[in-house]
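S.K.: Residue numbers (full-length UniProt numbering), protein chains in the order written: chain A, 1 to 290; chain B, 1 to 336.
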Ligand SMILES: Nc1ncnc2c1ncn2[C@@H]1O[C@H](COP(=O)(O)OP(=O)(O)O)[C@@H](O)[C@H]1O
Ligand SMILES: [Mg+2]
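#1: Is residue 228 (chain B) helix, strand or coil by DSSP?
#2: Would you check whether ligand 1 has a heavy atom nearer than 8 Å to the C-beta of residue 47 (chain A)?
#3: Using the Cα positions of residue 311 (chain B) and residue 113 (chain B), report the straight-line distance between them to the nearest angstrom.
#4: For the 8 Å Cβ check, are there 3 or more pairs between the segment 2–22 of chain A and the segment 59–67 of chain A?
#5: Measuring alpha carbon to alpha carbon, tell me which residue in B:205, B:207, B:176, B:180 is nearest residue 193 (chain B).
#6: For residue 119 (chain B) and chain A, any beta-carbon pair shorter than 9 Å?
#7: Compare the C-alpha of residue 203 (chain B) against each of B:130, B:216, B:217, B:165 and name the closest.
#8: In or out: residue 162 (chain B) buried (at least 16 other Cβ within 10 Å) or exposed?
#9: Quick check on residue 228 (chain B) - is its C-beta less than 9 Å from some C-beta in chain A?
#10: At the level of alpha carbons, what is the spacing between residue 178 (chain A) and residue 93 (chain A)?
#11: Look at the alpha carbon of residue 351 (chain B) and the alpha carbon of residue 138 (chain B), and state the distance between them as a whole number of angstroms.
#12: With DSSP collapsed to three states, give me the class of residue 244 (chain A).
#13: Check whether the Cβ of residue 59 (chain A) lies closer than 8 Å to any heavy atom of ligand 1, and answer yes or no.
#14: Can you give me, in chain order, the residues of the segment 134–167 of chain A that have a beta carbon less than 9 Å from any beta carbon in chain B?
#15: Please report the straight-line C-alpha distance between residue 287 (chain B) and residue 211 (chain B), rounded to a whole angstrom.
#16: Determine the closest residue to residue 25 (chain A) out of A:281, A:225, A:277, A:284, with distance taken between C-alpha atoms.
#17: Counting only runs that start and end within the segment 206–252 of chain A, where is the beta strand (DSSP E) found for 3 or more residues in a row?
#18: Have a look at the DSSP bridge pairing and note the partners of residue 175 (chain A).
#19: Between which two residues does the alpha helix (DSSP H) holding residue 15 (chain A) run?
#20: So that I know if they touch, is there some Cβ in chain B lying closer than 9 Å to that of residue 36 (chain A)?
#21: When burial is assigned at 16 or more other CB atoms within 10 Å of the CB, is residue 169 (chain A) buried or exposed?
#22: What residue range does the alpha helix (DSSP H) around residue 181 (chain A) cover?
#23: Between the alpha carbons of residue 152 (chain A) and residue 273 (chain B), how many angstroms are there, rounded?
#24: With DSSP run on the structure shown, which of helix, strand or coil describes residue 65 (chain A)?
#25: Looking at chain A, is there any beta carbon in it that lies within less than 9 Å of the beta carbon of residue 337 (chain B)?
#26: Would you say residue 20 (chain A) touches ligand 1, meaning its beta carbon is less than 8 Å from a heavy atom?
#27: Given the structure, does residue 177 (chain A) come close to ligand 2, in the sense that its CB is under 8 Å from one of the ligand's heavy atoms?
#28: Pick helix, strand or coil for residue 22 (chain A), following the three-state DSSP scheme.
#29: Out of B:35, B:300, B:199, B:9, which one is the CA nearest neighbour of residue 173 (chain B)?
#30: Measuring alpha carbon to alpha carbon, tell me which residue in A:20, A:212, A:49, A:40 is nearest residue 73 (chain A).
#31: Report the rounded CA-to-CA distance for residue 229 (chain B) versus residue 123 (chain B), giving the unit in angstroms.
#32: Starting from residue 36 (chain A) and walking both ways along the beta strand (DSSP E), at which residues does that stretch end?
#33: Going by the DSSP bridge assignment, what does residue 27 (chain A) pair with across the sheet?
#34: On the premise that residue 283 (chain A) lies in contact with residue 22 (chain A), defined as a C-beta separation below 8 Å, what is that separation, rounded to the nearest angstrom?
#35: For residue 252 (chain B), return the contacting residues in chain A, with the cut-off set at a CB-CB distance below 7 Å.
#36: Select from B:325, B:330, B:316 the residue whose C-alpha is nearest the C-alpha of residue 14 (chain B).
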């Protein structure tokens, strides 16, 4: 098994209810960008949450393995797992307006974890935060460190969250639709920023999006998810030249070329939907509705 | 400028509120039956004696006239003379105020401590039996009023296992020469721990009786607010940073969850202060509330008026403090 993150046959279901993720298998190679595409509600966020250990209480992992750097997270105690995630992995959340604590200044929101969890000195953490804020093009980082989130725009806050995610030099970053909640005008900038930061820091990135056009710009490989089931795992170039699954092909056809990153998903033909739905049903019949 | 305006508006509304309270109290205690003069004279006093005293205290005049006379005294700081105690009302009331303030503040601290702990523990172990037990305890605490808790405490710690004093504020033998009537704070300040222990031994039961219902309310409100906050994105993000659940609750959720509960706790605290009237009576605690009951029994109209006005003033001040804390704790308002 190569790669930094390897998810194997991960199944998640509603406690006492139906499946949410169906035997998901995907790999994120060290230092590479892996796209995770699927329509809204497909279960993209739940994959990220399963890795980070933040699944809603109503959901539970029923089967599978989540290998991080050669270690199955699900075999660790909750405390060990939390520590491991905290030290190696970071999240760039979907909505920058709700992802910063409204009653704390920006500075501590970046530096505290460096001090508390990773044992840095306060001075080192502050120097690091200033450096990272400058790197994500925040003007006057010293002042921004003392502001409260409500004083900043959505784009600024997402830059801060990106800086915060990279601050501890994590090995893996999960970006969950990091531009969806932003103004169209800043979406492109933030996307470019994430790509630049990833390249510069050599971090593995699991990039969650519902936009295939975006994937084409930033990813090395991708997974297509439908109703909690991986429809196709592929290297980028092969996928765009020769998608194997009809659903992938339909997605590609519906995306107004990857010269237009603003392009959104167009309806997928009924016949293709029927095909994937049959596969999902077959999966459930084989494995039980767990 | 906006702040100055807000303060002026606040002062004006406070004045209007107090005036309204004064009018209502003044009228109500004069229309209910009971003659203050008759209460203070020995049986067999002549009609002439009664009439003379009625005139001396101004009770022969119309209510409106009495009110204007009283009000003109009040604006000069003169709240009249107590009929039963024959001393200036302002002096009597201010001498008793510290006892009631100490009791209320200690009760509030106990309530915040117990209620806050219950809320945090209940959040940490939410959706488990522990949370259920806390909910049940809070429900029980709320279904019994404070004075019944007082009786329960007397049975427990006064009779069955007599470790606390049942009545009074301080043992007479320990009455060091206090310069203020804030015995508790003064004993603490002067490092007289023997006196402090005695004061606490007296205050324990009335304070806990007052605190129990408020603690239950804080436990329920704060826990609800914390549980809602635990679903928010910044809390989830903190979790991915490697923080333990306990830290996530106290550091990320708590500062934000406190805000919505603060106002309600402020209102409930004024109820607690109202509760001191009966609790002080029950424990013969020498405070304002105890004095209020005596004043009512004796139909001591000037004293009743003075005490009610003071309580009204305390309530408005509590609300003011709550509003100020809300601004201080909420960065979004601090900068507005
Ligand atoms: N707290 C929850 N309780 C129950 N079901 C949930 C919860 N959160 C999400 N789900 C379900 O999980 C599925 C996947 O959601 P999600 O991963 O958020 O989709 P997306 O691909 O849009 O990120 C959805 O069908 C949703 O209804
Ligand atoms: Mg999502």
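Every residue gets a Cβ at the ideal spot worked out from N, C-alpha and C, and that includes glycine. Here the structure is a predicted model, which means the values were calculated and not measured.
M.R.: The answer reads as follows:
#1: Three-state DSSP puts residue 228 (chain B) in a helix.
#2: Yes - ligand 1 has a heavy atom lying nearer than 8 Å to the Cβ of residue 47 (chain A).
#3: 25 Å
#4: yes
#5: B:176
#6: no
#7: B:165
#8: So residue 162 (chain B) ends up on the exposed side.
#9: no
#10: 6 Å
#11: What is shown of chain B runs 1 to 336, which leaves residue 351 (chain B) out entirely.
#12: coil
#13: True, at least one ligand heavy atom lies under 8 Å from that Cβ.
#14: Contact residues of the segment 134–167 of chain A toward chain B are 148, 149, 150, 151, 161, 164 (C-beta to C-beta distance below 9 Å).
#15: 17 Å
#16: A:225
#17: 221–226, 229–235
#18: A:92, A:207
#19: Neither: residue 15 (chain A) is in no alpha helix (DSSP H) and is coded neither H nor E.
#20: no
#21: exposed
#22: Premise fails: residue 181 (chain A) is in no alpha helix (DSSP H) and is neither H nor E.
#23: 42 Å
#24: strand
#25: Because residue 337 (chain B) is not part of the residues shown, which for chain B are 1 to 336, the question remains open.
#26: yes
#27: yes
#28: strand
#29: B:199
#30: The option with the nearest alpha carbon to residue 73 (chain A) is A:49.
#31: Distance between the alpha carbons of residue 229 (chain B) and residue 123 (chain B) is about 10 Å.
#32: 33–37
#33: The partner list for residue 27 (chain A) (beta bridge, DSSP) reads A:6.
#34: That belief holds up - the Cβ atoms of residue 22 (chain A) and residue 283 (chain A) are roughly 5 Å apart, short of 8 Å.
#35: Under the 7 Å cutoff, chain A gives 101.
#36: B:316
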